[in-house]
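Below: one structure, written as structure tokens.
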Amino acid sequence: MPDVDTRLTTIEARLIAHRKLLARLVDLLGPAEKDALTAWIEDREVLRDGQEDPAALPTEVAALPLGIAEEFREIRALVDRRDPHN
Numbered sequence: 031m032p033d034v035d036t037r038l039t040t041i042e043a044r045l046i047a048h049r050k051l052l053a054r055l056v057d058l059l060g061p062a063e064k065d066a067l068t069a070w071i072e073d074r075e076v077l078r079d080g081q082e083d084p085a086a087l088p089t090e091v092a093a094l095p096l097g098i099a100e101e102f103r104e105i106r107a108l109v110d111r112r113d114p115h116n
């Protein structure tokens with residue numbers, strides 16, 4: 031079994047590949063569908079947990095939802111960089 035660093039690098043590489051694939055799929059959408067999907071992604075870029083202060087959540091509780099929100103930001107940023115109209 032590969033060491034932890036190798037496994038983490040492999041997971042990160044796969045995540046980047048998925049992100050690029052998703053951005054490409056968004057690029058293939060028509061303007062209305064692309065705008066709707068981009069708006070949906072933007073709605074998920076901020077953790078909505080009912081807390082004013084993200085630090086109020088214990089780290090282990092916040093890690094997954096914060097990671098999800100960050101991934102949506104990364105996907106939208108990649109879509110925006112690929113779109114010549116943004």
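Note that this note's numbering has the sequence shown beginning at 31, numbered continuously upward. By construction, the Cβ of each residue, glycine as well, lies at the ideal position given by its N, Cα and C atoms. These numbers come from a predicted model, not from an experiment.
Item, Value
"With 16 other Cβ atoms within 10 Å as the buried cut-off, status of A43", "exposed"
"Alpha helix (DSSP H) segment containing D113, residue limits", "Looking at the DSSP string, D113 is not in any alpha helix (DSSP H), and its letter there is neither H nor E."
"Residue closest to I105, alpha-carbon to alpha-carbon, out of V91, L96, R54", "R54"
"Where E90 falls: helix, strand or coil (DSSP)", "helix"
"Three-way DSSP call (helix, strand, coil) for V76 in this model", "coil"
"Distance between P61 and W70 (C-alpha atoms, nearest Å)", "14 Å"
"Cα-Cα separation, A99 to T68", "14 Å"
"Check whether P117 and L108 have beta carbons under 7 Å apart", "This structure cannot speak to residue 117, because the chain is shown only from 31 to 116."
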